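A.B. asks:
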Ligand SMILES: Cc1cc2nc3c(=O)[nH]c(=O)nc-3n(C[C@H](O)[C@H](O)[C@H](O)COP(=O)(O)OP(=O)(O)OC[C@H]3O[C@@H](n4cnc5c(N)ncnc54)[C@H](O)[C@@H]3O)c2cc1C
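In my numbering, the protein residues as written are 1382 to 1622.
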């Protein structure tokens, strides 16, 4: 059985829109020997929130690592759901220096080393596994041709903006396209990522497409890629629900 670690919260960054926390980026101390691959996830829990159906256990929920395995902390980017579960509890109670429980790593979603042309497509907090992959690639150094298409609602919900825009400036092999679906003030592309994919995404049998986002976005993007002639084997989807 995988060990259960108690990890100190190093920092919390809230993304606030319309007076409400939409996302929390939580940095935790990385436990000794916690090895994982970019794209994997961990189970998180708060020591004080028990599972009502099995009160001897905490309420565990899965979250992908946003940090790179090469970094000496763990980072999670969490959508706050007002459904009375763990994420709402974190929003209401979590403070720096508190501890969270971490179990893992789990999952088989990862970037195949052999792929040299990769298109990442994310919506909302679906950017999380790709942050881990991009951070790892750029920390190691890479010649792969990379593109990221990122859809978010508005500028307040644009996760990791500075870091991603920085990568696009620093790395000529990384192209970054973003789309705001609900922001009249947004100076860039307005709408969903699909038209951007038609126009700018790399095409060819050696290009691989990694998708993570809400079920609706995932389905629409996958259908769109198929209409662009992408073969199903080249589409790699992370299904959170
Ligand atoms: C592999 C994987 C990776 C993921 N990665 C991410 C990620 O990186 N970022 C992200 O934002 N999301 C991610 N998700 C989605 C994330 O796991 C869900 O959004 C998360 O489960 C929400 O948890 P929640 O408890 O707040 O809400 P919910 O899962 O909606 O749970 C709320 C429900 O839990 C029940 N409940 C509430 N309190 C208790 C209690 N004390 N005991 C028992 N039941 C209770 C109630 O029925 C309530 O309606 C991932 C999912 C998967 C499968």
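Glycine included, each C-beta is placed from N, C-alpha and C at the ideal position. As the structure is a prediction and not an experimental result, all values here were calculated from the model.
Cutting at 7 Å between CB atoms, please list the residues of its own chain near residue 1520, excluding the five before and the five after it.
C.D. replies: These residues qualify, in order along the chain: 1449 and 1451.
A.B. asks: Evaluate the contact criterion for the region 1568–1583 versus the region 1519–1537: three or more CB pairs, one atom per stretch, below 8 Å.
C.D. replies: Cβ pair count under 8 Å is three or more, so yes.
A.B. asks: Residue 1439 by DSSP, collapsed to three states: which one?
C.D. replies: Strand.
A.B. asks: If you draw a straight line from the C-alpha of residue 1545 to the C-alpha of residue 1572, how long is it?
C.D. replies: If I take the Cα positions, the gap works out to 20 Å.
A.B. asks: Leaving out five residues before and five after residue 1416 in sequence, what residues of the same chain have Cβ atoms less than 8 Å from its Cβ?
C.D. replies: Taken in chain order, the residues that qualify are 1450 and 1486.
A.B. asks: Run the CB neighbour count on residue 1575, radius 10 Å, all protein chains shown included, and call it buried at 16 or more, exposed below.
C.D. replies: The residue in question, residue 1575, is buried, as its Cβ has 16 or more Cβ neighbours within 10 Å.
A.B. asks: Extract the residue ranges of the alpha helix (DSSP H) inside the region 1421–1491, only unbroken runs of 4 or more that lie entirely within it.
C.D. replies: 1467–1474, all fully within the region 1421–1491.
A.B. asks: Could you say which of 1437, 1504, 1478 and 1518 lies nearest to residue 1458 if we only look at CA atoms?
C.D. replies: Per the Cα distances, 1504.
A.B. asks: Just the Cα atoms here: how many angstroms apart are residue 1493 and residue 1483?
C.D. replies: For residue 1493 and residue 1483, the distance between alpha carbons rounds to 26 Å.
A.B. asks: Within 10 angstroms of the Cβ of residue 1403, are there 16 or more other Cβ atoms? Answer buried if so, exposed if not.
C.D. replies: Residue 1403 should be labelled buried.
A.B. asks: If you measure from each CB to the nearest heavy atom of ligand 3 and keep those under 5 Å, what residues do you get, in chain order?
C.D. replies: The model depicted lacks ligand 3 and carries ligand 1 instead.
A.B. asks: What ranges does the beta strand (DSSP E) occupy inside the region 1504–1576, keeping only unbroken runs of at least 3 residues that lie completely in it?
C.D. replies: Runs found: 1526–1533 and 1555–1561.
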